[in-house]
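Trainee: The structure under discussion is supplied below as structure tokens; questions concerning it will follow.
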Amino acid sequence: MTWHTLFPQDSKPDFSDFSKYVSFNLWDDLCMYIEDTYKINPSIEYSRCSMEPGWNVKYKKSSRSICTLYPKENHFTCLISIGIKEAVETELIMQSFDLYLMELYQNTKPFNGSRWLMIDVTSQEILENVKTLINIRVKPKIAALNI
Numbered sequence: 011m012t013w014h015t016l017f018p019q020d021s022k023p024d025f026s027d028f029s030k031y032v033s034f035n036l037w038d039d040l041c042m043y044i045e046d047t048y049k050i051n052p053s054i055e056y057s058r059c060s061m062e063p064g065w066n067v068k069y070k071k072s073s074r075s076i077c078t079l080y081p082k083e084n085h086f087t088c089l090i091s092i093g094i095k096e097a098v099e100t101e102l103i104m105q106s107f108d109l110y111l112m113e114l115y116q117n118t119k120p121f122n123g124s125r126w127l128m129i130d131v132t133s134q135e136i137l138e139n140v141k142t143l144i145n146i147r148v149k150p151k152i153a154a155l156n157i
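Positions in the sequence shown are counted from 1; adding 10 to them yields the numbering used here.
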């Protein structure tokens with residue numbers, strides 16, 4: 011059964027429902043990483059978008075979107091927008107990324123100066139690449155060194 015069918019607009023899921031549906035430890039890994047690194051909580055929102063309708067999880071730091079997670083059966087999709095500011099750094103390290111992600115980036119045409127990457131997270135390597143893109147998008151605060 012699809013996520014959209016299980017949780018229609020009038021039936022908001024709990025955060026734990028996402029993890030149960032995805033049934034994929036990389037979902038929990040990414041959520042914990044974002045929450046620990048950026049000290050933020052997820053927001054559960056409903057989207058009527060024709061490409062990905064239904065409930066999703068958004069992470070924002072202040073008013074800046076970090077990413078949006080869309081649950082799928084046995085994997086998930088992570089939307090990250092790479093803007094003009096992030097493009098140079100992203101392109102410098104892109105050769106070290108998973109082939110799938112390199113091709114996705116190259117084949118995603120800029121829209122209003124940004125590439126809206128809908129990344130299917132299906133492996134640990136792709137997850138690590140997603141974390142890198144998130145860190146490029148929003149720089150994590152580095153704890154002060156006690157020297």
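Positions of the beta carbon are idealized from the N, C-alpha and C atoms, including for glycine.
Everything numeric in this text was worked out from a predicted model, so none of it was measured.
Give me whichever residues DSSP pairs with residue 126 in a beta bridge.
Mentor: 91, per the DSSP bridge assignment.
Trainee: According to DSSP, which residues form a beta bridge with residue 85?
Mentor: Looking at the DSSP assignment, residue 85 forms a beta bridge with 82.
Trainee: Below 8 Å, how does it come out for the stretch 39-59 and the stretch 98-109: are there three or more Cβ pairs, yes or no?
Mentor: Contact fails: fewer than three Cβ-Cβ distances are below 8 Å.
Trainee: For residue 16 and residue 37, what's the separation of their Cα atoms in angstroms?
Mentor: Whole-angstrom Cα-Cα distance: 19 Å.
Trainee: Mapping the DSSP letters down to three states, classify residue 53 as helix, strand or coil.
Mentor: Residue state, collapsed to three classes: strand.
Trainee: Closer than 8 Å by C-beta to residue 8: which residues in its own chain qualify, once you throw out the five before and the five after it? Chain order, please.
Mentor: Outside the displayed range of the chain (11 to 157) lies residue 8, so it cannot be described from this structure.
Trainee: By DSSP's criteria, residue 70 is part of a beta bridge. Which residues make up the other side?
Mentor: According to DSSP, which records beta bridges pairwise, residue 70 is partnered with 75.
Trainee: Spatial neighbours of residue 81 within its chain, please: C-beta separation below 6 Å, excluding the five flanking residues on both sides.
Mentor: These residues qualify, in order along the chain: 13, 28, 31, 32.
Trainee: Pick out whichever of 107, 108, 123 has its Cα sitting closest to the Cα of residue 97.
Mentor: It is 123 whose Cα lies nearest to the Cα of residue 97.
Trainee: Using a Cβ-Cβ cutoff of less than 6 Å, which residues in the same chain neighbour residue 107 once the five nearest sequence positions on both sides are dropped?
Mentor: Only 139 meet the Cβ criterion.
Trainee: Measuring CA to CA, which of 86, 110, 95, 152 is closest to residue 41?
Mentor: Nearest C-alpha to residue 41: 86.
Trainee: In three-state terms, what does DSSP make of residue 148?
Mentor: The answer is coil: DSSP assigns residue 148 none of H, G, I, E or B.
Trainee: Per DSSP, residue 37 forms a beta bridge with which residues?
Mentor: None; residue 37 has no bridge partner.
Trainee: Indicate the three-state DSSP secondary structure (helix, strand or coil) for residue 155 in the structure shown.
Mentor: Because the pLDDT at residue 155 is just 45, under 50, the model does not fix this residue reliably, and the value given afterwards should be weighed accordingly. Residue 155 falls in the coil class under three-state DSSP.
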